[in-house]
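Colleague:
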Amino acid sequence: MLDIQQLRKDLAGVVAGLGRRGVAFEEATFRALEDERKVLQTRTEELQAKRNSLSKQIGIMKGKGEDTAGVMAEVGSLGDELKSNEVALGELQTKLNAFLRGIPNLPRSEVPSGKSADENVEVRRRGQPRQFEFAPRDHVDLGEALGGLDFETASKLSGARFSVLRGQLARLHRAIAQFMLDTHTTQHGYTEVYVPYMVSGESADGVSSLSKFKEDLFKIDGRDLYLIPTAEYPVTNFVRDAILKNEELPLKFACHSPCFRSEAGSYGKDTRGMIRQHQFDKVEIVQIVHPEKSAEAHEELTAHAEAILKALELPYRTMLLCTGDMGFSSAKTYDLEVWLPAQNTYREISSCSNFEAFQARRMMARFKNAAGKTELVHTLNGSGLAVGRTLVAILENYQQADGSIAIPTALQSYMGGLKSLTA
RNA sequence: GGAGAGGUGGCAGAGUGGUCGAAUGCACCGGACUCGAAAUCCGGCAUACCGGUCUCCGGUAUCGUGGGUUCGAAUCCCACCCUCUCCGCCA
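Using the working numbering, the first residue of the first sequence is number 1, and each one after it goes up by one.
1. Quick check on DSSP: helix, strand or coil for His290?
2. Hey, could you find the ends of the beta strand (DSSP E) His256 is sitting in?
3. Following the continuous beta strand (DSSP E) through Arg126, name the residue where it begins and the one where it ends.
4. Are the region 399–412 and the region 252–272 touching, with three or more C-beta to C-beta distances below 8 Å?
5. In the DSSP assignment, what residue or residues form a beta bridge with Phe280?
6. Let me know the secondary structure DSSP gives His139 once reduced to three states.
7. Just checking my contact of Gly327 with Ser353 at CB under 8 Å: how many whole Å lie between their CB atoms?
8. Output the residue ranges of the alpha helix (DSSP H) runs that lie fully inside the region 18–106 and measure 4 residues or longer, sorted by chain position.
9. Please report the straight-line C-alpha distance between Ala170 and Leu146, rounded to a whole angstrom.
10. For Pro250 versus Val289, is the C-beta spacing smaller than 9 Å?
11. Would you tell me roughly how many angstroms separate the C-alpha atoms of Pro112 and Gln359, rounded to the nearest one?
12. Any idea what DSSP makes of Met326, helix, strand or coil?
13. Give me, in chain order, the residues of the same chain whose beta-carbon lies closer than 6 Å to that of Gly324; leave out the 5 immediate sequence neighbours on both sides.
14. Just the C-alpha distance for Arg366 and Glu263, rounded to the nearest angstrom, thanks.
15. If you follow the beta strand (DSSP E) that Ala386 is in, where does it begin and where does it stop?
16. In three-state terms, what does DSSP make of Met415?
17. With which residues is Thr345 paired in a DSSP beta bridge?
18. Do you know offhand how far Leu418's Cα is from Arg174's?
19. Are the region 208–215 and the region 343–350 touching by the rule of at least three beta carbon pairs closer than 8 Å?
20. For the 8 Å Cβ check, are there 3 or more pairs between the region 66–75 and the region 13–29?
21. Should Gly159 be labelled buried (16 or more other beta-carbon atoms within 10 Å of its own) or exposed?
22. What whole-angstrom Cβ distance do Phe162 and His278 have, given they're in contact under 8 Å?
23. What does a CB cutoff of less than 7 Å around Val235 pick up in its chain, not counting 5 residues either side in sequence?
24. In whole angstroms, give me the CA-to-CA distance for Leu320 and Val123.
25. In whole angstroms, give me the CA-to-CA distance for Pro291 and Val164.
26. Looking at the unbroken alpha helix (DSSP H) that takes in Ile4, where does it start and where does it end?
27. Does the contact criterion of 3 or more C-beta pairs under 8 Å hold for the region 118–138 versus the region 379–399?
28. Verify whether the separation of the beta carbon atoms of Arg261 and Asp270 is less than 9 Å.
29. Classify Asn397 as helix, strand or coil using the three-state DSSP reduction.
30. Hey, Arg43 and Asn97: beta-carbon distance below 9 Å or not?
31. If we ignore side chains and look at the alpha-carbon of each, how far apart do His499 and Ser350 end up?
32. Given this structure, state the Cα-to-Cα distance separating Asp205 from Thr422, to the nearest angstrom.
33. Would Glu27 be called buried (16 or more neighbouring beta carbons within 10 Å of its own) or exposed?
34. For Glu356, list the residues DSSP reports as bridge partners.
35. Which stretch, first to last residue, makes up the alpha helix (DSSP H) that contains Val235?
36. Measure the C-alpha to C-alpha separation of Leu309 and Leu217 and round it to an integer number of angstroms.
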């Protein structure tokens, strides 16, 4: 949620910022709501103040045993107008609030303008895509040949966009998650957390706009609970309605969880394999920081995600997303894209975002600054990394001519010393 | 699932219709005393929103949430949510 003060003070700036995202700010709607709000709120509070002082007076008079009929008649005459003003103000504030919560975050100035992923900017590239002396196979072929990847059974159980892993491949999947979690907790200073995989609508609306993105989530029938599309949902909400102490910041959490996404609107995209599933595992890293530190923390957090790709010796590139490709709540996002030889391209494996105060304002996450004033925190998160896609990347990048898969050195200890996967 | 108890400020805990945003204690922040510290004493200490002559002043709202009664609700009524205890069930 944007700061309503900023909308009042610098509407032109907000309109320009949103314009860069391709969002047309409804200026007339906002002005109309604000004007009406001002009139209603002033009048309502004026009437309330009058009622309060008269009622207080009645109390005092009754204490003295005086006759209160006159004052009671006076305060009674306020009744209808007060009531209707209160109701109207309540309705208006609900409307204004919904309007504000539906506006996406403003991009930081260094975020390039653009309409789609085509206009994202590559900021760095690490690792060399391997030269194959044979035609590289994709992860589906490789996994099925190993007997470890079974989409047929998955579809029997649950339909499309699910997978079943078996044997060494299932173990490798687990090893990847363990390795990531261990790296972040022991090397990067994150605290491991285990969280609910379902959250309330209020929690969902704290990190993004529930009303706008409801269709992307799986909802529990008849209950105000949603399966989490990322651990960001529960973890960032740790600080909802909290006022933290200055010295508690930064908070850094790492969380391994399954993620559930309906993938509505992605029909026909990535239908083959494990790239786009209704359920996948991810290790998420989250930081809650002092507002002055978020830009720095964003670079650091992105580096933490990159460290996993480096340790696994997977070639990748870091993309600065343009305004048109950024998520609703983000002020700036880096995507990490891993090289997939079978697709002969880089594919997203992590997304690291700085939300600045946008989420904090939605969920009232604050801290007491050095001067003792309450101030909104800044929130950040990133995938560190998507486990399923990492498995795909390992299968494809580490495949051998005979169909076996070399196991990255960093993961061998998690595989009981195993150096390769074979059928 | 059944029975009961309860939700008040950072925490503990008073308050059962009227100058109550709320006693008191602890914690915390100033200041005095001290070479320094402890102890003691003095003062301060919720959040959000609105308005203004905008490091301050005034107003409004907030005692789990939402409704209701009343001139007036932390206090009374209704619904819901959550927590705890006991019983049952259960990984």
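Quick reminder that beta carbons are idealized off the backbone N, C-alpha and C, glycines included.
Modeller: Let me spell this out:
1. coil
2. 251–260
3. 121–126
4. no
5. Cys259
6. Residue state, collapsed to three classes: helix.
7. A Cβ-Cβ distance of about 7 Å is found for the pair Gly327 and Ser353, placing them in contact under the 8 Å criterion.
8. 27–64, 69–76, 79–101
9. 11 Å
10. Taking a C-beta distance under 9 Å as the contact criterion, Pro250 and Val289 qualify as a contact pair.
11. 22 Å
12. coil
13. Gly22, Gly114, Lys115, Ser116
14. Cα-Cα distance, rounded: 33 Å.
15. Boundaries of the beta strand (DSSP E) harbouring Ala386: 378–386, taken from the DSSP string.
16. helix
17. Leu340
18. 14 Å
19. no
20. no
21. exposed
22. 6 Å
23. Val193, Val195, Phe253, Cys255, Glu284, Val286
24. Approximately 6 Å between the Cα atoms of the pair.
25. Here the alpha carbon of Pro291 sits roughly 43 Å from the alpha carbon of Val164.
26. 4–9
27. yes
28. Not in contact: Arg261 and Asp270 (Cβ atoms no closer than 9 Å).
29. helix
30. No. Outside cutoff.
31. Outside the shown range of the chain, which is 1 to 423, sits residue 499, and nothing can be said about it.
32. 46 Å
33. exposed
34. Thr379
35. 232–236
36. Cα-Cα distance, rounded: 28 Å.
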